[in-house]
Structures are given as structure tokens and as C-alpha cells.
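Quick note, in the numbering used here, the sequence shown goes up one by one and the last residue is 1953.
Even glycine gets a Cβ: it sits at the ideal position worked out from N, Cα and C.
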Amino acid sequence: MTPLIIPAGTSPDDQASKRLGGPIHAERHVNIICIGAGPSGLLMAYKIQRHFRNYSLTVFEKNSGVGGTWFEQRYPGDDGRSVACDVPAHNYTWSFEPNPDFSAVYASGKEIYDYFNSFAAKYHLNEYIRGQHQVIGACWNNETAGYDVKIRDLRGGQEFSQHCDILINASGLLNNWKWPAIPGLDSYEGTLLHTSDWDENIDLTGKHVGLIGNGSTGVQILPQLQPIAKHVTTFIREPTWVSPVQGFEQHSFSDEERREFARKPQVLTEYRKGIERGLSGQFGIFLKDTKPNKDAHEYIAGQMREKLRNERLETQLIPKWAVGCRRFTPGVGYLESLGKDNVTVVVGEINQITGKGCLCDNGCEYPVDILICATGFDTTFKPRFHVIGPDGTNLQDQWKEEAQSYLGMAAAGFPNYLIFLGPNSPVGNGPLLSAIEAQADYMLQLIDRYQTRNIRSFAPTREAVSDFIVYKDNFMEKSVWADPCRSWYKNGRDGPVTGVWPGSTLHYIEAISEVRLEDWDVKYSGNRFAWLGNGYGQTELDRTADWGYYIREADDDSPATTGGRRMLLSKSGTVKNTGGMSLLGKQPEESIKVAKANL
Ligand code: NAP
């Protein structure tokens, strides 16, 4: 007997009867569409390819290349790619795919882009990807139990539909950039730019440049503008905490150091682990009135004062609200730039944009030749295209007032629809890429169940989502994110916190390590036990398997409890001291030292 694989094109109702002719856990064909070939979409393609058989996968990507934000974002500088990553680059990689070649602790966006582009090439992921194809809508089809996805080919404008069983939205959170809502924007007669829609042909040399915004982007871009422009006037509406680059100082790795990282992978692994521990050790800072938060407050305020060395700026730029309320903005050279002779800092509201520049609430008009808006993104979490569920509801409407997710990855009422970095994912709670990996692994569990049990659809229940939201909102009251800062984490100043997870990244990884089926509304094709099939186990079909595999000399079972599994996974007992807050502690800097000493 050969293993039964239920072929593509089999209707959900046919599947149950087909299953009865084969052994347990027959794999039905699963047809997946993934939206976006940024880091999350690439990872999902990699993992599906690695773990699954009997599937088809199409990744629709609106850009002509992969890499998402790292493909799109270009800031001023030599090649338009002076955008950098403010997370140590060696930890801005997949856990299983290190890169010994990064040139510096904080590498350029070009290097990060190259990493993801090479990842796609190395694992032949491009064969799944259709570039310059934008998903413009998705509608649940009850007959086929999946989505009819509408796609526009951006090369010629043609539109077509493609069906899938499972739709994965990996289109990213921070890519729908927005202009500031300031009256008169259209009347500006100079050159108007948004940092996320950079025009590489613009020459800033000798120009008076205006910069609106002091979020992570504004903080990153000012030190790039300042040396090129004749003058920069930076408009700051609200103070922000500028942290000392997450405890690391910038370090450029020499060719020799990089060769050694490649030659001694264990040294690189130890270096990465040290940084990861440091990033994960920051979480206490995000809880109000805790010692870590108070210590961080004092430490960062001190660092800011030292770098600003200007009483007026210290009063205007050091926030009153808690450290961490807005995303940490590690600034390399930012505070120093504010004090340069060719930089004017204007703190307050811009009342109007005029033909010449910005008219501010101090009554002054500031004329500029080029106005750069580092004003962020639409972070409402509403998908950028309609997603229509079985009862005709559009997710864009369901999330109009507030985006309520199931653990950051799904929405009540939308079966077979999964989201990377959805509302309340841990995007600011610790390391990011490990959280994306955890989400991918969670999705694989769902897809595996879908493929091997005769599941027709799965969606989180409304009760589970609303319980999660109540839990999350209660938690947030104790967190610094609820402080009265204006932040995209709460889509402004007063909204519910939707941008971050109620806990640390490690907390999230543990939270989603197993699927809680009790939270899911699972519907089957036919009899729910059709997956039991004809009574044969899959093992009996495998002539090379040991049919007596459970006979052994001693009890070597894997841990049976949640705690036991976690201790095994986290290698509990193998590390002497994992403590360390990278902002304050020495651990990350020591990681570099240890790595260098070992090279
Ligand atoms: P952001 O954090 O939303 O900051 C937007 C800035 O624009 C704020 O300073 C805001 O002022 C200002 N602004 C918006 N509307 C304005 C108006 N009408 N008048 C005056 N100022 C206005 O956006 P972002 O800096 O682009 O960063 C967004 C996120 O992208 C970051 O939090 C981070 O997650 C990610 N990012 C990551 C990196 C990296 O290297 N990994 C780099 C850049 C960005 P208010 O503060 O007063 O609202």
C-alpha cells in the first residue's frame, strides 16, 4: 500500500470520503497564498517548503524585489540606502541563518536587504514569488472553503483572481506611509518628500532642509542630513527618549574579524546569544514604577543631558512620561547633531504649511527649500485591501475603530486567514525576528492540522478574542505604553495599545508555542473522524520504519509538562547568569569584547 495523498482540486466534501480509503493522517493538498515577500513572507515560504509536501504556494509581492521594508526604504546618503537598522545586525537574522559578513554592529539597510535577498536566492524561494503583483482584495468562498483573492499585475494593470485554502497576510505593518495632517501641505512650493518614498535624485547639498518628526526615522535621518545640507531646521512636536543605542556602541568589523566569524561559527553564535539575551533582558523597563524603569529613566536622561549639553534642549527634549512609552529610538549621533551650528531645533506644533515652509505655533514661519516628512505610517492595522469573511463582514470595517486580534495572528470571523505582526504582536517588546519565527511556527502547526485532519476551516472564536483583549487592556495599565505619550503603539495619544504584546518577547514565544484549540472554531469536511481513515497507521506504510519503535531499555520520554518542555528547550541550567538589561548593563558590550577576544 502507498501513502494516500489527497490531490489538488479535491472539493472539501470529497476529501472525507477519500480519506476513508487511506491510512490515518492522509495529507490533503493545501493551496496557500501569502501576501508579501518581506522577511515574514520569505520565512514562511522557506518553512512551508522545508516542512510540507502536497502543497502549492504563491507569494504575491507588489515590489519588483523581495525584502519588504529593506527593499523600499531609501534615505539620503551615497546610494540612497543610508537607511540603517537600529537593531544589532547579527541579531536581525533568522535564528538558524547567521551572517558572519555584516560590516558593523549597526549595519546599513543595504546589507540587511542583501541578507534577505540572498536568503531568498539560497533556498530558491523566488520560484514561489510573483513580483509586481498586488493583492487588492480577498473574499471568502463558502463552496470551496477558501478565499478568492483578487490580484493586480502592476506591469500591465490586468486583474485576475486566484483561489487559496489558506491566506497569509505578511504584508507588513510599517509600510503604508502617511503625510502629516497639517493644513496647507499641498500649497508648499519647495520639494516635498516622505522618508519612505525617497527620491534618490534629490541633491541636498547647499540646501536648507526642513525635517518633520523625531520618531525612529527622524532620529536616524538627521545625522545623515546634517553634514550634507547647508542648514537643517528640525520640527519636533513632542520630546522623545533617545536611548544610547541599546547599550552597544557602533563597531565596524574588520575583514579579518569577519573571516574569523565565518571560520569559527561557535564564536559568532556566542556573540549573537549575548546580544539576544541583552535584548530580551530589557522587558522590566516597560513596566511602570519598577526599579528597571526608574534606573533606565535616570540613566537615559543622564546620557541625553551629556550629549545635548544645552539647557533649553534638555528641558524641551527630555520627556516627562515614562521611558519606553514610545519605541526606543537608539540614536547614533542624533543628539549631537541637534547642537551643530547648521541645525535649528523648533519645538512645538506646525500650524500650517505655507508656500515657503512651516508656520509654527510660536508665530514664526520657517522657510525651507526641501521639506522632509519623517511622519510615520498608518498603523491602524486595517488591511490595505478588503478581506470579506463568510458573513459578508469586511475586516477593514471590523477593525475600523480598534484592531482586535487573536494573539497577534488572526481575527474572529475570518477563517483560514493568518497575519504576521498583526495587532498586539511583540514588535517592541524585545528581539523581533525571533517573534516572527514563533508566529511562523504557530502557523505551521495550524496548517499541519488542516492538512492531516479533515478540517474545512479554522478561526479564533469571538469569545477568545474578547477575553484576550480584556486581558491585554488590563495588563497595559501597568505598562509604560499607557502613559500619556503620543505613539503609534496606541495610534495616537489615548487609544488602546494595539502596537505591542502584553509581555516580553520570550513570554510571547512561550505563549504561542502550542495551539490552544479550545480558542478555535474548527469546522470539518464531513465526519470529523474521517482522518482516521481505513484503520492503518502511517507507520505501517513505511517499510523502513521500526514498527516496534516504542520498545526500549529505559524511560527516555521527552518532558510531559509545559514547564519540563520549556526547560529542555531553553537549556535551563546551562547558563550561569542570563540577567542583564542591555540599556544599562554591560552584557552586550561584553558580548562584543568576548567575541573579539575569541577571534
Ligand atoms: P513614528 O514613530 O510614527 O514618528 C512619526 C514622527 O512624525 C513623530 O515624531 C510625530 O510626532 C511626527 N509627526 C507626525 N505627524 C505630525 C504632524 N502633523 N506635525 C508634526 N509632527 C508630526 O514614525 P517613524 O519614525 O517612521 O517610525 C515608525 C516605526 O518604524 C518605528 O517605531 C520602528 O518600529 C520602525 N523603524 C525602525 C527602524 C529600524 O532601524 N529598525 C528605523 C526607523 C523606523 P509626534 O511624536 O508628536 O506624534
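Assigned secondary structure, residue i (DSSP; H/G/I helix, E/B strand, else coil)
| i | result |
| --- | --- |
| Phe1739 | coil |
| Gly1434 | With a pLDDT of only 49 at Gly1434, under 50, the local geometry of the prediction cannot be trusted, and no value is derived from it. |
| Thr1498 | coil |
| Ile1905 | coil |
| Thr1852 | coil |
| Asp1540 | helix |
| Ile1582 | helix |
| Val1876 | strand |
| Ile1575 | helix |
| Lys1476 | helix |
| Phe1829 | helix |
| Leu1558 | coil |
| Arg1810 | strand |
| Ser1924 | coil |
| Ser1365 | coil |
| Thr1893 | helix |
| Phe1883 | coil |
| Thr1549 | helix |
| Asn1888 | coil |
| Val1824 | helix |
| Ile1863 | helix |
| Leu1786 | coil |
| Ser1912 | coil |
| Ser1858 | coil |
| Val1929 | coil |
| Glu1868 | coil |
| Leu1800 | helix |
| Val1563 | strand |
| Leu1374 | helix |
Reference residue i, options the options, closest by Cα
| i | options | result |
| --- | --- | --- |
| Asp1873 | Gln1488, Ala1728, Gly1857, Ala1765 | Ala1765 |
| Arg1870 | Asp1827, Trp1531, Phe1812, Arg1847 | Phe1812 |
| Ile1483 | Ala1899, Leu1411, Ser1833, Asn1716 | Leu1411 |
| Gly1685 | Ile1566, Ile1466, Val1573 | Val1573 |
| Leu1576 | Ser1867, Asn1453, Ile1726 | Ile1726 |
| Ile1359 | Pro1366, Asp1910, Pro1377, Asp1367 | Pro1377 |
| Ile1566 | Cys1493, Glu1543, Lys1826, Gly1730 | Gly1730 |
| Lys1642 | Trp1675, Asn1453, Ala1818 | Trp1675 |
| Glu1817 | Asn1888, Asp1875, Thr1594 | Asp1875 |
| Glu1791 | Thr1364, Ser1394, Gly1363 | Ser1394 |
| Thr1644 | Val1677, Ile1490, Pro1598 | Val1677 |
| Thr1559 | Ile1582, Ala1655, Ile1823 | Ile1582 |
| Asn1778 | Pro1737, Pro1856, Asp1911, Ala1499 | Pro1856 |
| Thr1594 | Trp1533, Asp1649, Ser1634, Ser1841 | Ser1841 |
Local Cβ density within 10 Å of residue i, reported as buried at 16 or more and exposed below that
| i | result |
| --- | --- |
| Ala1789 | buried |
| Thr1549 | buried |
| Val1563 | buried |
| Tyr1409 | buried |
| Gln1578 | buried |
| Arg1435 | The pLDDT assigned to Arg1435 is 48, lower than 50, so where the model puts this residue is not dependable; a value taken from the coordinates is nonetheless given after this. Under this definition Arg1435 is a buried residue. |
| Gly1709 | exposed |
| Ile1957 | Any answer about residue 1957 is impossible in this case: the structure gives the chain only from 1355 up to 1953. |
| Pro1850 | buried |
| Ser1365 | exposed |
| Val1700 | buried |
| Phe1450 | exposed |
| Ile1773 | buried |
| Ala1475 | exposed |
| Ser1926 | exposed |
| Val1824 | exposed |
| Trp1901 | exposed |
| His1487 | buried |
| Phe1883 | exposed |
| Asp1432 | Confidence at Asp1432 is low in this model, with a pLDDT of 48, below 50, so the placement of that residue is unreliable and no value is reported for it. |
| Ile1905 | exposed |
| Leu1374 | buried |
| Glu1465 | buried |
beta-carbon residue i near ligand 2 non-hydrogen atom, thresh 7 Å
| i | result |
| --- | --- |
| Asp1440 | Ligand 2 is not part of this structure, which contains only ligand 1. |
Residue-level contact to chain C via CB, residue i, 8 Å cutoff
| i | result |
| --- | --- |
| Gly1849 | Although the question refers to chain C, the structure presented lacks it and comprises just one protein chain. |
Segments assigned alpha helix (DSSP H), at least 4 residues, entirely inside the segment 1661-1712:
1665-1671, 1688-1692
Could you name each continuous beta strand (DSSP E) segment of 3 residues or more that falls completely within the segment 1747-1784, going from the start of the chain to the end?
1771-1773
Q | Complete alpha helix (DSSP H) runs within the segment 1592-1660 (minimum length 4 residues, chain order) | A | 1609-1617, 1619-1634
message: Which runs of the beta strand (DSSP E) at least 3 residues long sit entirely within the segment 1382-1430? Give them in chain order.
response: 1384-1389, 1409-1414
Curious, which full-length alpha helix (DSSP H) runs of at least 4 residues does the segment 1441-1493 contain? 1463-1476
Enumerate, from N- to C-terminal direction, the unbroken beta strand (DSSP E) stretches of 3 or more residues contained entirely within the segment 1503-1530. 1513-1518, 1520-1523
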